[in-house]
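Contents: one structure, followed by commentary.
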Amino acid sequence: VVFDAVIDNADRKGGHVLLEGDRIRLVDHGVSFAEEPKLRTVAWQFAGEEVDPELRADAARLAEALARDEPATRVLDRLLTGPEQRRLHDRAVAVAAWRVYPEPRGPRPYPWPLV
Numbered sequence: 019v020v021f022d023a024v025i026d027n028a029d030r031k032g033g034h035v036l037l038e039g040d041r042i043r044l045v046d047h048g049v050s051f052a053e054e055p056k057l058r059t060v061a062w063q064f065a066g067e068e069v070d071p072e073l074r075a076d077a078a079r080l081a082e083a084l085a086r087d088e089p090a091t092r093v094l095d096r097l098l099t100g101p102e103q104r105r106l107h108d109r110a111v112a113v114a115a116w117r118v119y120p121e122p123r124g125p126r127p128y129p130w131p132l133v
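Numbering (my numbering), first residue to last: 19 to 133.
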């Protein structure tokens with residue numbers, strides 16, 4: 019949920035989450051990083067649960083790196099527009115402030131089909 023919220027994933031389906039031992043791999047095809055909020059994920063079952071402080075710290079570090087225009091984030095200049103990068107930063111800041119996972123909101127918070 020944290021990763022999807024930061025990248026504003028508009029199409030996280032159950033089949034896009036692969037478990038390999040103790041690792042989770044997320045499969046994406048580019049329906050992310052929008053300027054307008056479009057978060058659609060099947061991971062809403064975490065709504066209301068506490069967000070791991072380490073994940074919040076990761077989001078805060080990403081926001082700081084984006085704000086400082088560090089070399090590691092400059093690759094985004096070739097991949098995302100300026101407005102998309104600003105929204106990425108804003109979402110990272112917002113996620114870093116989460117104490118609990120949010121409830122689904124908006125007219126279409128779930129992708130279709132779910133799998």
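Virtual Cβ for every residue (Gly too), placed ideally from N, Cα, C. Keep in mind it's a predicted model, so treat the numbers as computed, not measured.
Keeping to the same chain, check which residues put their C-beta closer than 8 Å to that of Glu-102; ignore five residues upstream and five downstream. Phe-51, Ala-52 and Glu-53
Three-state secondary structure (DSSP) at Leu-94? helix
Drop a sphere of 10 angstroms on the beta-carbon of Ile-42, count the other beta-carbons inside from all chains shown, and report buried for 16 or more, exposed for fewer. exposed
Nearest-angstrom Cα distance between Arg-30 and Val-118? 20 Å
Could you pull out every unbroken alpha helix (DSSP H) segment of at least 4 residues lying fully inside the segment 95-126, listed in chain order? 100-115
What does the alpha-carbon distance come out to for the pair Glu-67 and Pro-89? 35 Å
Short Cβ contact (8 Å threshold) for Ala-23 with Val-113: yes
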